[in-house]
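As structure tokens, the structure follows; a few thoughts come after it.
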Amino acid sequence: MEAGCQLSVVRSRKVVLDSGICPADIIIEGDKIVSIQAEGTTAPWASNQQGQILDVGDLVVMPGVVDSHVHVNEPGRTDWEGYWTATRAAAAGGITTIVDMPL
């Protein structure tokens, strides 16, 4: 690990993985996820690294969802929700990427 690079951990009892939903720790180094460790596995970061643990309890931790068909704007309409509102509503629902399908 690079000098000065700190690990962070997000801990949840509900982490969505390809194998199902389970308790796990998500290990983050800098700005990248480097490991996902299921509950009960050895956590090498715990004893020999400086870092921060964010325990979110029963909150669900999952990959961001892509919505590949949204209508954010419609040419000629002034009462459409628009980019600002649509992107914030999407983010509130777990959507991290939208693909605008203009009408």
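When we follow this note's numbering, the leftmost residue of the sequence shown carries the number 1, and every step to the right adds one.
Just so it is clear, CB atoms sit at the ideal spot from N, CA and C, and this is done for glycine as well.
Compute the Euclidean distance between the alpha carbons of glycine 93 and isoleucine 26, then round it to the nearest angstrom.
Going by C-alpha positions, glycine 93 is about 21 Å away from isoleucine 26.
Would you be able to state if there are at least three C-beta pairs under 8 Å between the region 69-76 and the region 24-39?
The region 24-39 vs the region 69-76: no contact.
Would the C-beta of isoleucine 36 count as close to the ligand HEM, meaning under 7 Å from any of its heavy atoms?
The ligand HEM is not part of the structure shown, which contains no ligands of any sort.
Taking all protein chains shown into account, do 16 or more other C-beta atoms lie within 10 angstroms of the C-beta of serine 12, making it buried, or fewer, making it exposed?
The Cβ neighbour count for serine 12, taken over all protein chains shown within 10 Å, is at least 16; the residue is labelled buried.
Once DSSP output is grouped into helix, strand and coil, what is the label at arginine 88?
The answer is helix: DSSP assigns arginine 88 an H, G or I state.
Please report the distance separating the alpha-carbon of glycine 64 from that of threonine 97.
Pairing glycine 64 with threonine 97, the inter-Cα distance amounts to about 8 Å.
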